[in-house]
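So the sequence shown is numbered by the numbering used here: it starts at 11 and just counts up by one.
Single-structure report; data block below.
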Amino acid sequence: MSTEPRTAIVSVLVVQALEIDEPAWCTGEHPGAEFLPDLTHNGPEVSARFETRHGPVEYLTGWITQAPHGEVAPEPSPRVAVEFGGGAHSLTPDDVRAFTALTRAHLDVLDRLADEADRIREQTR
């Protein structure tokens with residue numbers, strides 16, 4: 011047996027509270043954030059709301075978001091999250107403008123469909 015000093019390498023996980031600056035627009039809620047890369051700042055949500063005979067429907071919910079310390083896709087600048095297509099999508103401001111322009115154009119298409127439905131209803135009376 012050797013009398014030489016030996017060392018062992020041990021991985022140690024140190025857990026302590028970390029205080030970070032919070033953007034003024036953030037709601038201050040960070041569910042599930044255990045590590046710095048988990049932290050996402052989110053602003054208040056805004057939604058379009060439409061009343062139907064079955065109750066209100068909310069859609070196109072959006073909010074400002076930022077994940078400045080993300081491991082996979084860090085977001086150094088705030089982005090806009092918008093729910094559509096069954097999920098939330100993080101978009102640049104230019105992406106949001108392109109999305110809203112396309113949505114406005116699609117609303118015209120929906121109006122034309124409503125006009126066509128009116129014509130069909132009139133024909134069946």
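The beta-carbon is built from N, C-alpha and C at its ideal position, and this holds for glycine as well.
Reference residue i; option with closest CA among the options
{"i": "Ser87", "options": "Glu61, Glu81, Gln76", "result": "Gln76"}
{"i": "Gly97", "options": "Leu70, Leu23, Glu14", "result": "Leu70"}
{"i": "Thr50", "options": "Arg59, Val90, Thr13", "result": "Val90"}
{"i": "Glu32", "options": "His79, Val22, Glu55", "result": "His79"}
{"i": "Glu29", "options": "Pro66, Gly38, Ala127, Ile19", "result": "Gly38"}
{"i": "Pro47", "options": "Ala115, Leu112, Ala111, Glu81", "result": "Glu81"}
CA-to-CA distance, residue j to residue i, given in whole angstroms
{"i": "Ser57", "j": "Gly95", "result": "15 Å"}
{"i": "Thr17", "j": "Phe45", "result": "29 Å"}
{"i": "Gly65", "j": "Leu120", "result": "21 Å"}
{"i": "Leu112", "j": "Pro103", "result": "14 Å"}
{"i": "Ala27", "j": "Glu61", "result": "44 Å"}
{"i": "Pro41", "j": "Gly53", "result": "14 Å"}
{"i": "Ala108", "j": "Asp118", "result": "16 Å"}
{"i": "Arg59", "j": "Val67", "result": "6 Å"}
{"i": "Ile130", "j": "Leu101", "result": "39 Å"}
{"i": "Asp125", "j": "Glu132", "result": "11 Å"}
Run of the beta strand (DSSP E) containing residue i, from where it starts to where it stops
{"i": "Gln26", "result": "That residue, Gln26, is in no beta strand (DSSP E); it is neither H nor E in DSSP."}
{"i": "Ala91", "result": "89-94"}
{"i": "Ile44", "result": "The sequence given here has Glu at residue 44, not Ile. Per DSSP, Glu44 belongs to no beta strand (DSSP E) and is neither H nor E."}
{"i": "Glu61", "result": "56-62"}
{"i": "Leu70", "result": "65-76"}
Residue i vs residue j beta-carbon contact at 7 Å
{"i": "Glu55", "j": "Trp35", "result": "no"}
{"i": "Val92", "j": "His99", "result": "yes"}
Exposed unless 16 or more other CB atoms sit within 10 angstroms - verdict on residue i
{"i": "Val25", "result": "exposed"}
N-terminal and C-terminal residue of the alpha helix (DSSP H) that residue i is part of
{"i": "Glu132", "result": "103-133"}
Heavy atom of the ligand ZN within 6 Å of residue i beta-carbon
{"i": "Val82", "result": "Of ligands this structure carries none, so the ligand ZN is not represented either."}
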